[in-house]
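Peer 1: The sequence shown begins at 17 in our numbering and counts up by one.
Dumping the structure here so I can ask a few things about it.
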Amino acid sequence: KLPKNNKERENAVPIKLAELLIKLASFSPIPDNTIVFWSDIKPNQPIGASHARDLFYEALEAIGIGKEERDERNLILYGARHYFNNTMRFILSGAELRDWMGHRDIRMTDNYSQNNKKSTLIIKDKVKENISSIFEENS
């Protein structure tokens, strides 16, 4: 699925993440491994937004963050985009960050920073450990 602006983009990722995504894609039911996160119901399609959200909530539960704390801290999957935006704005130029975020206008990128307290997600080491364990179990 293309983003809202219908433009594809390529972004660099840390090598460890790239390796994990390639390993996950190797389990894809699609012969050419073009979808990394596929739907169990329709394997030729990516997972839907609600399914991704549910998986995020399950991961939070696995590290001891239940619904009450999740709501209190406003931990939402989309918050990862805000966290990335707010972290990288001190490293990348405005134009580079806008491109990474997939925004057509720098004002939208700036808007993410204004929502920092409400939407920023802090990803803990425990989440990384739980995600990594998925790959260890399937290797």
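From the three backbone atoms N, C-alpha and C, an ideal C-beta is built for every residue, glycine too.
Whose C-alpha, out of L108, A111, R69 and I122, is nearest the C-alpha of A96?
Peer 2: R69
Peer 1: For the ligand MN, is there a heavy atom less than 7 Å away from the beta-carbon of N101?
Peer 2: Ligands in the displayed structure: none, and consequently the ligand MN is not present.
Peer 1: Give me, in chain order, the residues of the same chain whose beta-carbon lies closer than 6 Å to that of E88; leave out the 5 immediate sequence neighbours on both sides.
Peer 2: none
Peer 1: Note the first and the last residue of the continuous alpha helix (DSSP H) segment covering Y99.
Peer 2: G95 to M104
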